[in-house]
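**Q** Pasting a structure below so you can have a look.
In my numbering, the protein residues as written are 50 to 263.
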């Protein structure tokens, strides 16, 4: 799962987006579920509420917004068929956080590209009648050593596949084609537990945590 992430819109990395020069969004080091965050729909940046809450979900007992959607659910559950075909989006990510229990304490780790480029995760979106947009990040089984911290990660897309993902012309083969990101460019390290509080939002959250010896 991806429970928190960081976004710093770098316009050079989003040159393929039609409205990138007009889009304004403050750098956010600690995006939590139900926060607003950038989302790319039809090659345009919009602000979306992070948490996907389609009408069919409200009919379930104790429904909660889906800030993550499992890749496997796109294949196995018919409830996602319409969204998979008609409501695919990209979620720009500068890095994300995961937690690992160590000596009885949940230790946060920060994941990011080793060349500091913007990453793009596959996502789904939902247009509410109010005009608000909601989004969900698709996750997959973690690979390339990332599973040392957590068994899931955002489903990242390379340039070719991100164009395919938001294209109306993509085929059913996209189910397997979107799994080719190697994740070998992703590095991770411990960060301060201050990130646990979503009210904390500054660049110290993404700095490597140095344990002080006793």
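Just so it is clear, CB atoms sit at the ideal spot from N, CA and C, and this is done for glycine as well.
Give a yes or no on contact between the segment 222–237 and the segment 190–200, applying the rule of three or more CB pairs nearer than 8 Å.
**A** Output reads yes: the segment 190–200 touches the segment 222–237.
**Q** Classify residue 211: buried if its beta carbon has 16 or more other beta carbons within 10 angstroms, exposed otherwise.
**A** In the chain shown, counting from the first residue as 1, residue 211 sits at position 162. Residue 211 is buried by the Cβ-count criterion.
**Q** Measure the CB-CB distance between residue 97 and residue 184 and report whether it falls below 8 Å.
**A** Mapped onto the chain shown, residue 97 falls at position 48. Mapped onto the chain shown, residue 184 falls at position 135. Cβ distance < 8 Å, so residue 97 and residue 184 count as in contact.
**Q** Leaving out five residues before and five after residue 267 in sequence, what residues of the same chain have Cβ atoms less than 7 Å from its Cβ?
**A** In the structure as shown, the chain starts at 50 and stops at 263, and residue 267 therefore has no counterpart that could be examined.
**Q** How should residue 21 be labelled, buried or exposed, when 16 other C-beta atoms within 10 angstroms of its C-beta is the threshold for buried?
**A** Any property of residue 21 remains undetermined from this structure, which presents the chain solely from 50 to 263.
**Q** Since residue 94 contacts residue 68 with CB under 8 Å, what's their CB separation in whole angstroms?
**A** Locating residue 94 in the chain shown gives position 45, where the first residue counts as 1. Locating residue 68 in the chain shown gives position 19, where the first residue counts as 1. Sure, about 6 Å apart at Cβ, within 8 Å.
**Q** Helix, strand or coil for residue 132? Go by DSSP, reduced to three states.
**A** The sequence position of residue 132 within the chain shown is 83, counting from 1. Residue 132 falls in the helix class under three-state DSSP.
**Q** For residue 226, which residues of its own chain have a beta-carbon under 6 Å away from its beta-carbon, when the five flanking residues on both sides are left out?
**A** As a working mapping, residue 226 is identified with position 177 in the chain shown. Correct list: empty, nothing qualifies.
**Q** How is residue 191 classed by DSSP in three states: helix, strand or coil?
**A** Here residue 191 refers to the residue found at position 142 when the chain shown is read from its first residue. DSSP places residue 191 in coil when its eight states are reduced to three.
**Q** Measuring only the C-alpha atoms, how far is residue 130 from residue 122?
**A** For the purposes of this step, residue 130 is taken as the residue at position 81 of the chain shown. For the purposes of this step, residue 122 is taken as the residue at position 73 of the chain shown. Going by the C-alpha atoms only, they are around 10 Å apart.
**Q** Can you tell me whether DSSP reads residue 154 as helix, strand or coil?
**A** By one-based count along the chain shown, residue 154 stands at place 105. Note: residue 154 maps to strand in three-state DSSP.
**Q** With H, G and I counted as helix, E and B as strand and the rest as coil, what does DSSP make of residue 119?
**A** One-based indexing of the chain shown puts residue 119 at position 70. Residue state, collapsed to three classes: strand.
**Q** Between residue 87 and the rest of its own chain, which residues show a CB-CB distance below 8 Å, the 5 nearest in sequence each way excluded?
**A** Numbered from 1 along the chain shown, position 38 holds the residue referred to as residue 87. Counting only Cβ-Cβ distances below 8 Å, and skipping sequence neighbours, we find 56, 58, 72, 74, 94, 95, 96, 97, 140 and 141.
**Q** On the premise that residue 244 lies in contact with residue 146, defined as a C-beta separation below 8 Å, what is that separation, rounded to the nearest angstrom?
**A** What you label residue 146 is simply residue 97 of the chain shown in a count that begins at 1. What you label residue 244 is simply residue 195 of the chain shown in a count that begins at 1. At roughly 6 Å, the Cβ-Cβ gap stays under 8 Å, so residue 146 and residue 244 are in contact.
**Q** Out of 179, 246 and 118, state which residue places its alpha-carbon closest to the alpha-carbon of residue 203.
**A** Walking along the chain shown from the start, residue 203 turns up at place 154. Of the candidates 179, 246 and 118, the one whose C-alpha sits nearest the C-alpha of residue 203 is 118.
**Q** Go through its chain and collect everything with a Cβ distance to residue 233's Cβ below 8 Å, but skip five positions before and after it.
**A** Locating residue 233 in the chain shown gives position 184, counting from the first residue. Cβ within range, chain order: 193.
**Q** Using only the alpha-carbon positions, how far apart do residue 61 and residue 167 sit?
**A** Residue 61 sits at position 12 when you count from the first residue of the chain shown. Residue 167 sits at position 118 when you count from the first residue of the chain shown. Each residue's alpha carbon lies about 9 Å from the other.
**Q** Measuring CA to CA, which of 165, 190 and 115 is closest to residue 172?
**A** For the purposes of this step, residue 172 is identified with residue 123 of the chain shown, where counting begins at 1. That would be 115, whose Cα lies nearest to the Cα of residue 172.
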